[in-house]
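Asks:
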Amino acid sequence: MAILCLGVFLHLVPIYIVVITSLKSSAEVLHFPPTWFPREPTLAAWRLAVDLNYRDNPVALRLLDRPMYVFFLNSAFIATMTLVIGIPITSFAAYANSKLQRGAIARWSFIFFIGTLMMPTALTLIPSYLLTRNWPFALPQAPLIPGSDMAFPSVRIWDTPWAVILPTAFSAFNFLLFKGFFDTIPDSIIQAARVDGGSEFNIFRRIVLPLSIPVYAVAVWTLFASSWDEFLWPLIVLQSPEKIPMSAEIWLLLDKFLGAGTTNAGAAAAQAKQMQQVMSAGLSWNGLMVLAVLQSLPIFIVFVLAREYLLKGIQIRGLK
Amino acid sequence: MASAQAEVTLARSGARTDETAVAVPRQSRRRRLETGLFVLPAVLFQLCWGWYPLIAAFLLSFTNARVRSPIAFTGLDSYLRMWHDPLAIQAFRVTALYAGLTILLTFVVPIIVAILLMEMPRHAIRWMMLLWFIPLSVLASTLVFRYMYNTQYGIFQWVATEILHLPPQPFLNSASQVNFWIVFPGLLFFGPGLIYIATLQGIPRSYYEAAEIEGASFWRKVWTISIPRLRPVISMLLIFSIIGSAQAFELQQIMTDGGPGGASRTVVLYLYTLLQDLRFADATVLGVYLFLGVMAIVAIYRLLVNDDPDAPTRRRWFGLSRPSGTPVHDAGAASATGTADGAQRREQPGV
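Laid out in structure tokens, this is it:
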């Protein structure tokens, strides 16, 4: 119907704007009224993005501390590790909760796993931050061993990528997704497999796993997208500039470029200076749009891959 | 095997079947060991990064949480301080306004669109879904909106002045309107809800055909078949929306960084500011207040709307008792939670 077509069209408008803005020149980007098609399409912004990858390029040095690909690799590492660790953990737990556990244990562990979904993540922000500094103590400093001057031994994962990976590995939302799906698999299939013998893990691997490909595809995609886009938590736990992921870097650039409102004059002046710096380095909205494209590209690729598996899985199951 | 044992136990004791278990058979040790191994990593992670920080947050809020000097127990000091903090009060007001606007404007549309979408022929659904769900990273799309909202050269300004011939609008720079404009892209660039589509796919065609034979119009079919089926999902997603919009952070941070003079500074944004100022105890207390507020709203909602199919299955479904693990007829691709169960059971009286 008409409404649906309108919706699809409107939805594509931002994508269109991102692409054409990245092709505009710096001056045209600021032009009013905004042009729907670049008057003189130029690859200047894209060239800037490529320049940002070179270590000794003067532009790059002014804008970033490191070549852009460093941040990209950081993001890639964090996202991959989150997937590699998180998906198996979450799906195993969901399978156990759905098929292997029974009775009161199943109910309580269900609450245990998804209870934190109801809590605002803001609440756990600070203790988690402190935890990354002195694991396992969620305190600003490890307490002293009573009767001596030494502090308890503690592990510091702060300022390493693991501080970003480990807390986000288990996702309660994915747990719900997996459990909901495993619940729809008839028990009889599992019972039949048990009669044939073999460990539970083998049953899971041989029978349940091939059936669950669509759900794994959806879970992989959601976890990847949320991990790739995350910028608040990495900014909190990562301090060295060369370790932050690309999403956080884009945010920092945007912050420098736009210098949002502050309440005191000193900070405002500093921001104005930063903005000058950024503009003189040639970065304007077109450059930011290029970065936006680069940020979205991996998510898009993973989406396409996930869709492949989603559809293939549905065919295997013989649905629809 | 275990199930045979269970049946014997049942027959012998004549026990009433509880909703969830078939008389909880004693599983073999090997089974229990394997179950334990399956859940162990997740338990460790969830315990360490989920529950422990939560409990630590409550404990921390009663101290002064200094980073360098030793920590001291201060009791309710921080709580009182934050209760009277004008910035915190403003943050809560802003968050309530934003949550209200979001749910009012953007919650209902995906439902309607999903219902309309399912009426289209199959191939149309497929390409529409593809186009609609081309993902743009959240960061990227917020960036685009920021660009479009610029008062000098943004597209929205162009629409306002050239097409609608209004005076130049301040958009994100207006303290009174900023929250509306933050919500607006969600309304303008609408799309169907994936979960609604999945649930609607699970409704057998025969229901609609039966209704058509009875002479039901399109909207009547929607009202009597689709909506009751969607009710548990809608309920669950409404709760998630409330919880999610109460924690709004990224949208505000990227679009306005707290807006003109804090007009769009949500609670989490303010919490982040406190964090940067190293006021850890105050920040944690703010988080506790947020949590309590959200819980209160959810509790009130649950009291008012007595529709609770996705709670851990403790209730007895009179006349419909069966263990929760048994298969329900095809619930469509990847229905997100066990609410498909509730949906299937609920539709009996609804239709």
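Residue numbers (the numbering used here), protein chains in the order written: chain A, 1 to 320; chain B, 1001 to 1351. Glycine included, each C-beta is placed from N, C-alpha and C at the ideal position.
Within its chain, find whatever has a CB closer than 8 Å to the CB of F72/A; leave out the 5 residues flanking it on each side and keep chain order.
Replies: The count along the first sequence starts at 1 and reaches residue 72/A at position 72. M246, L294, listed in sequence order.
Asks: How many whole angstroms separate the CB atoms of L1292/B and A1283/B, which I take to be in contact at a CB cut-off of 8 Å?
Replies: The sequence position of residue 1292/B within the second sequence is 292, counting from 1. The sequence position of residue 1283/B within the second sequence is 283, counting from 1. L1292/B to A1283/B, Cβ: 15 Å. No contact.
Asks: Less than 8 Å between C-beta atoms, sequence neighbours within five positions excluded: which residues of the same chain meet that for F1249/B?
Replies: On the second sequence, residue 1249/B is found 249 positions in, with the first residue counted as 1. Closer than 8 Å at the Cβ level, and outside the excluded window around F1249/B, lie T1266, V1268, L1269, Y1272.
Asks: Rounded to a whole number of angstroms, what is the C-alpha to C-alpha distance between L1274/B and V1288/B?
Replies: The sequence position of residue 1274/B within the second sequence is 274, counting from 1. The sequence position of residue 1288/B within the second sequence is 288, counting from 1. L1274/B and V1288/B: Cα-Cα distance of roughly 14 Å.
Asks: Which residues share a DSSP beta bridge with T90/A?
Replies: For the purposes of this step, residue 90/A is identified with residue 90 of the first sequence, where counting begins at 1. None; T90/A has no bridge partner.
Asks: What residue range does the alpha helix (DSSP H) around P161/A cover?
Replies: Start at 1 with the first residue of the first sequence, and residue 161/A comes out as number 161. Run containing P161/A: none; DSSP gives neither H nor E here.
Asks: When you compare only the Cα positions, how much space is there between S98/A and L297/A?
Replies: For the purposes of this step, residue 98/A is taken as residue 98 along the first sequence, with counting starting at 1. For the purposes of this step, residue 297/A is taken as residue 297 along the first sequence, with counting starting at 1. Between S98/A and L297/A, the C-alpha separation is close to 35 Å.
Asks: Just the C-alpha distance for P1110/B and R194/A, rounded to the nearest angstrom, thanks.
Replies: Within the second sequence, residue 1110/B is the residue found at index 110, counting from 1. Within the first sequence, residue 194/A is the residue found at index 194, counting from 1. Spanning the two alpha carbons is a distance of roughly 43 Å.
Asks: With T337/A and W251/A assumed to form a contact (beta carbons below 8 Å), what rounded beta-carbon distance in angstroms separates them?
Replies: This structure does not reach residue 337/A, given that chain A is present from 1 up to 320, and the question cannot be answered.
Asks: According to the Cβ coordinates, are P1053/B and P127/A closer than 7 Å?
Replies: Reading the second sequence from its first residue, position 53 is the one you call residue 1053/B. Reading the first sequence from its first residue, position 127 is the one you call residue 127/A. Their beta carbons are under 7 Å apart, which means P1053/B touches P127/A by this criterion.
Asks: If contact means a Cβ-Cβ distance below 8 Å, which residues of the stretch 210-235 of chain A contact chain B?
Replies: Listed in sequence order: P214, V215, V218, A225, W228, D229, F231, L232.
Asks: Would you list the one or two residues that DSSP bridges to F1073/B?
Replies: Looking up residue 1073/B in the second sequence gives position 73. F1073/B pairs with T1063/B.
Asks: How is V1305/B classed by DSSP in three states: helix, strand or coil?
Replies: On the second sequence, position 305 is the one that residue 1305/B refers to. V1305/B: coil per DSSP, three-state reduction.
Asks: Within 10 angstroms of the Cβ of T184/A, are there 16 or more other Cβ atoms? Answer buried if so, exposed if not.
Replies: The residue you call residue 184/A lines up with position 184 of the first sequence. Per the 10 Å Cβ criterion, buried.
Asks: For P14/A and V237/A, what's the separation of their Cα atoms in angstroms?
Replies: Locating residue 14/A in the first sequence gives position 14, counting from the first residue. Locating residue 237/A in the first sequence gives position 237, counting from the first residue. If you take the alpha carbons of P14/A and V237/A, they lie about 32 Å apart.
Asks: For the putative contact between L100/A and F1038/B, defined by C-beta atoms under 8 Å, what is the C-beta separation to the nearest angstrom?
Replies: What you label residue 100/A is simply residue 100 of the first sequence in a count that begins at 1. What you label residue 1038/B is simply residue 38 of the second sequence in a count that begins at 1. 6 Å between Cβ atoms; contact.
Asks: Taking K24/A as the reference, give the member of R47/A, P153/A, P161/A with the closest Cα.
Replies: Taking the first sequence and counting its residues from 1, the one referred to as residue 24/A is at position 24. Among R47/A, P153/A, P161/A, the Cα nearest to that of K24/A is on R47/A.
Asks: From the DSSP output, read off the bridge partner residues of A151/A.
Replies: Position 151 of the first sequence, counting from 1, holds the residue named residue 151/A. Its beta-bridge partners are L144/A.
Asks: So, at 6 Å on beta carbons, what are the nonlocal neighbours of R1146/B in its own chain, with the 5 sequence-adjacent residues on each side left out?
Replies: As a first step, residue 1146/B must be located in the second sequence, where it is residue number 146. Taken in chain order, the residues that qualify are M1255.
Asks: Quick one: what does DSSP say W251/A is sitting in, helix, strand or coil?
Replies: Within the first sequence, residue 251/A is the residue found at index 251, counting from 1. Helix at W251/A.
Asks: Going by DSSP, what residues sit across from W135/A in a beta bridge?
Replies: Reading the first sequence from its first residue, position 135 is the one you call residue 135/A. Per DSSP, V155/A.
Asks: Using C-beta distances below 7 Å, list every residue in its chain close to V70/A, excluding the 5 sequence neighbours before and after it, in chain order.
Replies: Against the first sequence, residue 70/A aligns to sequence position 70. Cβ within range, chain order: E242.
Asks: For P120/A, which of helix, strand or coil comes out of DSSP?
Replies: Mapped onto the first sequence, residue 120/A falls at position 120. Correct three-state label for P120/A: coil.
Asks: Which same chain residues, not among the five before or five after F175/A, have their C-beta less than 7 Å away from its C-beta?
Replies: Against the first sequence, residue 175/A aligns to sequence position 175. Hits under 7 Å: T90, A93, A94, F113, I114.
Asks: Could you give the DSSP three-state label for Y1153/B: helix, strand or coil?
Replies: The count along the second sequence starts at 1 and reaches residue 1153/B at position 153. Here Y1153/B sits in coil by DSSP.
Asks: Run through DSSP, which three-state label would L130/A get?
Replies: Residue numbering aside, residue 130/A sits at position 130 when the first sequence is read from its first letter. It is helical.
Asks: Are the beta-carbon atoms of F1189/B and L10/A separated by less than 7 Å?
Replies: As a position in the second sequence, residue 1189/B is number 189, starting the count at 1. As a position in the first sequence, residue 10/A is number 10, starting the count at 1. Yes; because the gap between Cβ atoms is below 7 Å, this pair is in contact.
Asks: As a quick exercise: from T168/A, T42/A, L232/A, F257/A, pick the residue whose alpha carbon is nearest that of V1138/B.
Replies: As a first step, residue 1138/B must be located in the second sequence, where it is residue number 138. Answer by Cα proximity: L232/A.
Asks: Tell me whether N74/A is buried or exposed, calling it buried when 16 or more other Cβ atoms sit within 10 Å of its Cβ.
Replies: Along the first sequence, read from residue 1 onward, the residue named residue 74/A stands at position 74. Buried, by the Cβ-count rule.
Asks: With 7 Å set as the bound, which would you pick, yes or no: does the beta-carbon of S1141/B sit closer than that to a beta-carbon of chain A?
Replies: In the second sequence, counting from the first residue as 1, residue 1141/B sits at position 141. Taking Cβ atoms only, chain A reaches closer than 7 Å to S1141/B, which makes this a yes.
Asks: What alpha helix (DSSP H) runs, 4 residues minimum, are completely inside the stretch 201-253 of chain A?
Replies: Listed in chain order, the complete alpha helix (DSSP H) runs (minimum 4 residues) inside the stretch 201-253 of chain A are 213-229, 232-237.
Asks: Helix or strand or just coil, what does DSSP make of F300/A?
Replies: Within the first sequence, the letter at position 300 stands for residue 300/A. Helix, per DSSP.
Asks: Check whether the Cβ atoms of L1422/B and V218/A sit closer than 7 Å, and answer yes or no.
Replies: What is shown of chain B runs 1001 to 1351, which leaves residue 1422/B out entirely.
Asks: For A104/A and V1043/B, what's the separation of their Cα atoms in angstroms?
Replies: Within the first sequence, the letter at position 104 stands for residue 104/A. Within the second sequence, the letter at position 43 stands for residue 1043/B. A104/A and V1043/B: Cα-Cα distance of roughly 16 Å.
Asks: Candidates I1055/B, G1050/B, T1106/B, M1120/B: which alpha carbon is nearest A2/A's?
Replies: Looking up residue 2/A in the first sequence gives position 2. Taking only the C-alpha atoms, the option nearest A2/A is M1120/B.
Asks: Note down the Cα distance separating N202/A from G180/A, rounded to an integer number of angstroms.
Replies: Position 202 of the first sequence holds residue 202/A. Position 180 of the first sequence holds residue 180/A. Between N202/A and G180/A, the C-alpha separation is close to 21 Å.
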